[in-house]
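Structure, as structure tokens:
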Amino acid sequence: MRRLLLYLLIASLILAGGYGLWYNNRPLPQPMNNQPLFEGITYRREIRHQPRPIILHVVTVDLDAPGIGFLVTPKDALAGFDYQARTTSQFLQAFNLQVAVNGDFFDPWRDNGPWDYYPHVGDGVNARGYTVSRGEVVTQGYAPDEHSAAVYITADNRVTFEAPEAADIYNAVSGLTLLRDGAYNASWGDDAYLQQPHPRTVVALDQTGRTLLLMVVDGRQPNYSEGITLPELAELVIELGGYDAINLDGGGSATLVMAGENGEPVQLGSAIHTRIPARERPVANHLGIYAETHH
């Protein structure tokens, strides 16, 4: 019995060592430059080494392309909560979307390790900000502050960060102001979380208002992609053509997926839930895009 336990201990140490070696020495993916995904949608992947290892994912959406449509997660009430948590991949597949990112900050939430976390899939959660899905107001938002903002989408794909008439809002998801009129929202001050590098998710518009950018920066993955601060993120969004932008939930929530073969979800980035690369966090809501396949 002691020998068996010894063998198991040795095997566990070897596995742990092998995982640690892989975790800290993962091969980097290849850069991609404006790869067509669907009609009106392209994908770009950048590998940067300064000021630290950063992998950046950018989905560019032509709002005038035929077939483009949007969906914010519909209300899915459970025991007083507006949503039942699900991953971004589950959202994409459930609604037959072509591209999706995670959405707003939410509660309740905890992360104490690979098994002790909340929410699991199906657990009740609430989004913090103003949320509309297909014309139905899911929540007015319960934790707004001076930094709160939303992206508003009308039924005819007009996208804006300035609230239109309530009757015109078909989809909306909230986050925190990142850019307004091409300038960084410097009112953040020295908020520690925002001044540290973490994974991030962004929705941005160019100055014409007809090109939408969905951006995710991978993070918390040593020597692979270690994340980005909010000021650095603002500079990056401006560099890539963003003029107005909001910062959605980041950290372990930051996820970007697309529909692959037969609609199966494919991660374009590398999510990092409970410190496990490629593991997706169940979240409250999401922003999804419909598009036509290339002919």
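Position in the sequence shown (from 1) plus 97 gives the number in my numbering. Just so you know, even glycine gets a beta-carbon here, dropped at the ideal spot from N, CA and C.
Assigned secondary structure, Gln-187 (DSSP; H/G/I helix, E/B strand, else coil) | Within the sequence shown, numbered from 1, the residue matching residue 187 stands at position 90. Reduced to three states, the DSSP call for Gln-187 is helix.
In whole angstroms, what separates the C-alpha of Glu-332 from that of Gln-318?
-> Locating residue 332 in the sequence shown gives position 235, counting from the first residue. Locating residue 318 in the sequence shown gives position 221, counting from the first residue. One C-alpha to the other measures close to 22 Å.
If we ignore side chains and look at the alpha-carbon of each, how far apart do Ile-152 and Arg-145 end up?
-> As a first step, residue 152 is located in the sequence shown; it is residue number 55 there, counting from the start. As a first step, residue 145 is located in the sequence shown; it is residue number 48 there, counting from the start. Roughly 6 Å separates the two Cα atoms.
Outcome for Asp-287 when other beta-carbon atoms lying within 10 angstroms are tallied against a minimum of 16 = Within the sequence shown, numbered from 1, the residue matching residue 287 stands at position 190. Exposed: under 16 other Cβ atoms inside 10 Å.
Among residues of its own chain, excluding the 5 on either side of Leu-189, which ones have a beta-carbon nearer than 7 Å to its beta-carbon?
-> For this step, residue 189 is matched to residue 92 along the sequence shown. So the list reads Ala-197, Val-354, Ala-356, Pro-362 and Gly-385, once near-sequence residues are dropped.
Please check the pair Thr-352 and Asn-199, which I expect to be a contact at CB under 8 Å, by giving their CB distance rounded to whole angstroms.
-> Taking the sequence shown and counting its residues from 1, the one referred to as residue 352 is at position 255. Taking the sequence shown and counting its residues from 1, the one referred to as residue 199 is at position 102. Contact holds; Cβ gap of about 5 Å.
As assigned by DSSP and simplified to three states, the class of Tyr-227 = The residue labelled residue 227 in the question sits at position 130 within the sequence shown. Note: Tyr-227 maps to coil in three-state DSSP.
Looking at the structure shown, is Leu-273 part of a helix, part of a strand, or coil, going by DSSP?
-> Looking up residue 273 in the sequence shown gives position 176. Of the three classes helix, strand and coil, the one that applies to Leu-273 here is strand, per DSSP.
For Ala-174, the three-state DSSP class (helix, strand or coil) | Your numbering for residue 174 matches position 77 in the sequence shown. Coil at Ala-174, not helix or strand.
Kindly indicate which three-state DSSP category Gln-292 falls into: helix, strand or coil?
-> In the sequence shown, residue 292 corresponds to position 195, counting from 1. Residue state, collapsed to three classes: helix.
Straight-line Cα distance separating Asp-220 from Val-313 = Translated into the one-based positions of the sequence shown, residue 313 becomes position 216. Translated into the one-based positions of the sequence shown, residue 220 becomes position 123. Approximately 25 Å, taken between the alpha carbons.
Rounded straight-line distance, which links the Cα of Tyr-340 to that of Tyr-281 | The residue you call residue 281 lines up with position 184 of the sequence shown. The residue you call residue 340 lines up with position 243 of the sequence shown. Roughly 10 Å between the two C-alpha positions.
To the nearest whole angstrom, what separates the beta carbons of Leu-160 and Arg-307, a pair I think is in contact under 8 Å?
-> What you label residue 160 is simply residue 63 of the sequence shown in a count that begins at 1. What you label residue 307 is simply residue 210 of the sequence shown in a count that begins at 1. Between Arg-307 and Leu-160 the Cβ distance is about 5 Å, and since that is below 8 Å, they are a contact.
Can you give the Cα-Cα distance for Pro-128 and Arg-141, rounded to whole angstroms?
-> By one-based count along the sequence shown, residue 128 stands at place 31. By one-based count along the sequence shown, residue 141 stands at place 44. Their backbone Cα atoms lie some 8 Å apart in a straight line.
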